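Number of protein chains: 2
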Amino acid sequence: MVYIERKKLEEFCASIFRALGLPHEEALDSSRILTAADARGVKSHGVARIRRYAEGIKAGLIKGGITPTVLHETPISLVLDAEGGMGLSLSKKAMESSIAKAKEHGVGICAVRNSNHFGIAGYYAEMAAREDMIGIAMTNTAALGVPTFAREAAFGTNPIAFAAPGLDGKMFSLDMASTTVTRGKMEVYEREKKPLPPGWAVGTDGLTAQDPVKLLDDMLRQKGGGLLPLGGEGESFGGHKGYGLAVMVDILTALCSGGTFGRSVKDSEITSARVCHFFMALRLDIFRTPEDFKRDMSQLLCELNSLKPATGASRVYYAGQKEHEAEAESNAKGVPLAEGVWETLKKTAKELGIAYQETL
Amino acid sequence: MVYIERKKLEEFCASIFRALGLPHEEALDSSRILTAADARGVKSHGVARIRRYAEGIKAGLIKGGITPTVLHETPISLVLDAEGGMGLSLSKKAMESSIAKAKEHGVGICAVRNSNHFGIAGYYAEMAAREDMIGIAMTNTAALGVPTFAREAAFGTNPIAFAAPGLDGKMFSLDMASTTVTRGKMEVYEREKKPLPPGWAVGTDGLTAQDPVKLLDDMLRQKGGGLLPLGGEGESFGGHKGYGLAVMVDILTALCSGGTFGRSVKDSEITSARVCHFFMALRLDIFRTPEDFKRDMSQLLCELNSLKPATGASRVYYAGQKEHEAEAESNAKGVPLAEGVWETLKKTAKELGIAYQETL
Chain V
1 MVYIERKKLE EFCASIFRAL GLPHEEALDS SRILTAADAR GVKSHGVARI
51 RRYAEGIKAG LIKGGITPTV LHETPISLVL DAEGGMGLSL SKKAMESSIA
101 KAKEHGVGIC AVRNSNHFGI AGYYAEMAAR EDMIGIAMTN TAALGVPTFA
151 REAAFGTNPI AFAAPGLDGK MFSLDMASTT VTRGKMEVYE REKKPLPPGW
201 AVGTDGLTAQ DPVKLLDDML RQKGGGLLPL GGEGESFGGH KGYGLAVMVD
251 ILTALCSGGT FGRSVKDSEI TSARVCHFFM ALRLDIFRTP EDFKRDMSQL
301 LCELNSLKPA TGASRVYYAG QKEHEAEAES NAKGVPLAEG VWETLKKTAK
351 ELGIAYQETL
Chain B
1001 MVYIERKKLE EFCASIFRAL GLPHEEALDS SRILTAADAR GVKSHGVARI
1051 RRYAEGIKAG LIKGGITPTV LHETPISLVL DAEGGMGLSL SKKAMESSIA
1101 KAKEHGVGIC AVRNSNHFGI AGYYAEMAAR EDMIGIAMTN TAALGVPTFA
1151 REAAFGTNPI AFAAPGLDGK MFSLDMASTT VTRGKMEVYE REKKPLPPGW
1201 AVGTDGLTAQ DPVKLLDDML RQKGGGLLPL GGEGESFGGH KGYGLAVMVD
1251 ILTALCSGGT FGRSVKDSEI TSARVCHFFM ALRLDIFRTP EDFKRDMSQL
1301 LCELNSLKPA TGASRVYYAG QKEHEAEAES NAKGVPLAEG VWETLKKTAK
1351 ELGIAYQETL
């Protein structure tokens, strides 16, 4: 593991995006969102992805410098066509629009279609929470998830992020896929040659899949099978609930924006194509004074932390707490990157004529 | 099983509520919401509960004829103190307020504190869906759910309902508890002397509980243990996600309304005390024309129904479909009630001096 000073890592990745043709602000915003993921320990959505973004940009699947088309606007809502632009930076702007509308009217909602991978959903929800608002962010993704009782994929990992502030910068910040686990987890089991636990995925017959090699191959060739929704197989453990949540995300993101939904959301060879997002900001004072709300929130978080742990467990966390603790450590000690990720990043930069400067 | 004509059952139950002192409209609204649950096959939330409502009303824990206190109001939001009133009928009015605000401003939100059991959350979400809106309804409930890595309960079954309309009266209608299963399911296993499947509940040590008798006794005496969140024990199957959703519901219902949250939400001997609700209506045309939205929704629902079923399964459903098919059958053939439920209902009525009339 190597530890890179956060600001330096942000600048370095931004220079890669600039070399790929993104305008300065778009490059820096995108870089910051990816770096935030690594800082929080969410490596799957961090700077390791830059190679994929780079390929997408080079292939013209992700377009830099896009100004989204306004499809519809009301005082509280905005519907955008992202025209295949950079999902990360565009999503930051979309949440900023929601926050601006909420400042004026109490609530602001932005639905976006034809976008690209937007990184960690929680980043956008937390932008609202820092403004004394409740923040919500969602995206649909390529269809890899299999509905309850089916044998074919029809929804994505469709993450849901929800953030609400407490006192002193503390917040509750949920950022969860609607599937039990993501494809990345299958790939880890494939590398480690371990059987998949029941409840994670089904094969082409729609029943429990345990062989990660066959499963990933079947998924790649679109032969059937895929990830199970949160709650697992069938209805006994609530799999139909995770399936319902995933479709809810599809409705709010794609049906509200007029974008691509369900089975039609497909990964291309390079990037997840034309995904749709949903951002909402709700001002706390449309309900109560922010002070009262945040005081109660801090009490709730404190109560959750104070619960007696189960045998063998050391602590009870609330959503986002682990990530924020990791982020504080990264800010102090540097952002941890696996050595392979760091070498690949430097190689990507070098191919673009950029060298990492040890000192800024 | 007995089959009672829906309208007759509604009138009969309304007459029971009137005899208990509820005003006419409140009695009829409450009766209709309970009857709707039975008509949809959601027996746990149907007229079998009237005995518990009756006890709550007699004990003064549920108050009839309450006009909620307006704590705060903006063009798009309303915060109410239900003053311990009848959760069912008050919730219908709260969603009506949200819909009225949404008609005028695009979105309407109502948060309610100090209420009582409100029946099926989906009833309220669907009210909005029938008005060309997206509807959301939630409630917190007595703390029976154990957070990931804890051994004590700190959240309720905290249901989430989300409804959005398609063409021809069809709709997507999700209504799910945030726990894997509800306490009622434990009681079924207790009666049938069956061990609980792992992933449903934990005991006083915070680890998998399999003995329903001991579990229910420990829960009753508040010795620890309780229901697991959707996703089960630990993090391997996403239990921390269900836990996060349950807390999200607590935030939107109780923190937005200034009501009771977390461990403090307790069942009294008779009724779930002082729960909080959240209702939201979003007009479709703040995003797109309702026609475009509903056309896409119908296509999505049709695609889900058309998926190839898993081996051994006959159909792939979307959320709410089973319930709506059951409701159509109940409307044609009568609402199915277990004979025991029907006898108890008639007995409750008789004690109040009411006889069931075979003909209206």
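Protein sequence lines, in the order shown, are assigned to chains V and B.
Numbered as in the numbering used here, the first sequence ends at 360 without a single skipped number.
Numbered as in the numbering used here, the second sequence ends at 1360 without a single skipped number.
By construction, the Cβ of each residue, glycine as well, lies at the ideal position given by its N, Cα and C atoms.
Nothing here was measured: the structure is a model prediction, and the numbers come from that model.
To which residues of the same chain is residue 1019(B) closer than 6 Å at the C-beta, ignoring the five residues directly before and after it? Cβ neighbours of residue 1019(B) within its own chain (closer than 6 Å, five residues either side excluded): 1352, 1354.
Can you give me the start and stop residues for the beta strand (DSSP E) that residue 2(V) sits inside? Note, residue 2(V): beta strand (DSSP E), 2-4.
If you count every other CB in all the chains shown that lies within 10 Å of the CB of residue 325(V), and 16 or more means buried, which is it? By the Cβ neighbour-count rule, residue 325(V) is exposed, with fewer than 16 other Cβ atoms within 10 Å of its own.
Buried versus exposed call for residue 1058(B) [16 or more other C-beta atoms within 10 Å across all chains shown]: Exposed is the call here.
Given that a residue counts as buried once 16 or more other Cβ atoms are within 10 Å of its Cβ, and exposed if not, what is residue 1220(B)? It counts as exposed.
Residues of its chain near residue 131(V), where Cβ-Cβ distance is below 7 Å and the 5 sequence neighbours each way are ignored: So the list reads 99, once near-sequence residues are dropped.
Restricting to Cα atoms, I'd like to know which of 173(V), 210(V), 38(V), 245(V) is closest to residue 297(V). If we check each option's Cα against that of residue 297(V), 173(V) comes out closest.
Residue-level contact to chain V via CB, residue 1256(B), 8 Å cutoff: In terms of beta-carbon proximity, residue 1256(B) lines the interface with chain V, with at least one pair separated by less than 8 Å.
Chain V residues whose Cβ lies nearer than 7 Å to that of residue 1176(B): Residues of chain V whose Cβ lies closer than 7 Å to the Cβ of residue 1176(B) are, in chain order, 241, 244.
First and last residue of the uninterrupted beta strand (DSSP E) at residue 73(V): Its beta strand (DSSP E) spans residues 69-74.
Amino acids of chain V, ordered along the chain, whose beta-carbon sits closer than 9 Å to that of residue 1308(B): Those are 150, 151, 152, 206, 224, listed as they occur along chain V.
Between the C-alpha atoms of residue 305(V) and residue 318(V), what's the straight-line distance to the nearest angstrom? So the two alpha carbons sit approximately 7 Å from each other.
Contained beta strand (DSSP E) runs [length at least 3] in the region 262-320 of chain V, N- to C-terminal order: The qualifying runs are 275-283.
Measuring CA to CA, which of 239(V), 90(V), 120(V), 13(V) is closest to residue 37(V)? Of the candidates 239(V), 90(V), 120(V), 13(V), 120(V) places its Cα closest to the Cα of residue 37(V).
Do residue 44(V) and residue 184(V) have their CB atoms nearer than 8 Å? Contact: yes.
Using a C-beta to C-beta distance shorter than 7 Å, which residues of chain B count as neighbours of residue 172(V)? Per Cβ cutoff of 7 Å: 1247, 1251.
Which stretch, first to last residue, makes up the beta strand (DSSP E) that contains residue 1079(B)? Membership of residue 1079(B) in the beta strand (DSSP E) is indicated by the continuous run 1077-1081.
Buried/exposed call for residue 1(V), threshold 16 Cβ in 10 Å: So residue 1(V) counts as exposed.
contact_flag[the region 78-89 of chain V, the region 26-34 of chain V] where n(CB pairs < 8 Å) is 3 or more: Flag = yes, the region 78-89 of chain V and the region 26-34 of chain V touch.
Per-residue burial, residue 101(V) [other beta carbons within 10 Å of its own, 16 or more giving buried]: Residue 101(V) comes out buried.
Per-residue contacts from residue 1221(B) into chain V (C-beta, under 9 Å): Within chain V, no residue comes near residue 1221(B); the closest Cβ sits about 16 Å away, beyond 9 Å.
I need the straight-line Cα distance from residue 1147(B) to residue 1227(B), nearest angstrom please. So the two alpha carbons sit approximately 9 Å from each other.
At least one CB of chain B closer than 8 Å to the CB of residue 95(V): is that the case? With 8 Å as the cut-off, residue 95(V) does not count as an interface residue toward chain B.
By Cβ distance below 6 Å, which residues in the same chain neighbour residue 1336(B) in space, the five residues on each side in sequence not counted? So the qualifying residues of the chain are 1001, 1003.
If you measure from the beta carbon of residue 313(V) to each beta carbon in chain B, is any gap under 8 Å? For residue 313(V), the answer is yes, since a Cβ of chain B falls inside 8 Å of its Cβ.
Top-ranked residue by Cα proximity to residue 1177(B), from 1189(B), 1200(B), 1166(B), 1167(B): With distances taken between Cα atoms, residue 1177(B) lies closest to 1200(B).
Okay, do the region 102-119 of chain V and the region 73-83 of chain V touch, 3+ Cβ pairs below 8 Å being the bar? The region 102-119 of chain V vs the region 73-83 of chain V: in contact.
Cutting at 7 Å between CB atoms, please list the residues of its own chain near residue 1142(B), excluding the five before and the five after it. In the same chain as residue 1142(B), and ignoring 5 residues on each side of it, the C-beta atoms closer than 7 Å to its own belong to 1156, 1265, 1266, 1267, 1272, in chain order.
To which residues does DSSP link residue 63(V) through a beta bridge? Bridge partners of residue 63(V): 85(V).
Would you kindly work out how many angstroms separate the C-alpha atoms of residue 261(V) and residue 239(V), rounded to a whole number? Approximately 20 Å between the Cα atoms of the pair.
CA-CA distance, residue 229(V) and residue 241(V)? Approximately 8 Å between the Cα atoms of the pair.
As a quick exercise: from 275(V), 204(V), 195(V), 340(V), pick the residue whose alpha carbon is nearest that of residue 212(V). Residue 195(V) is the option with its Cα nearest to residue 212(V).
Grab me the residues of residue 1197(B)'s own chain with a C-beta within less than 7 Å of its C-beta, minus the 5 sequence neighbours each way, in chain order. Spatial neighbours of residue 1197(B) in its own chain (CB-CB distance under 7 Å, excluding positions within 5 residues in sequence) are not present.
Express the C-alpha separation of residue 1149(B) and residue 1071(B) in angstroms, rounding to a whole number. Between residue 1071(B) and residue 1149(B), the C-alpha separation is close to 37 Å.
In whole angstroms, give me the CA-to-CA distance for residue 218(V) and residue 1315(B). Those two C-alpha atoms are separated by around 22 Å.
Neighbour-count burial assignment, residue 1093(B), 16 or more Cβ in a 10 Å radius: Burial call: buried.
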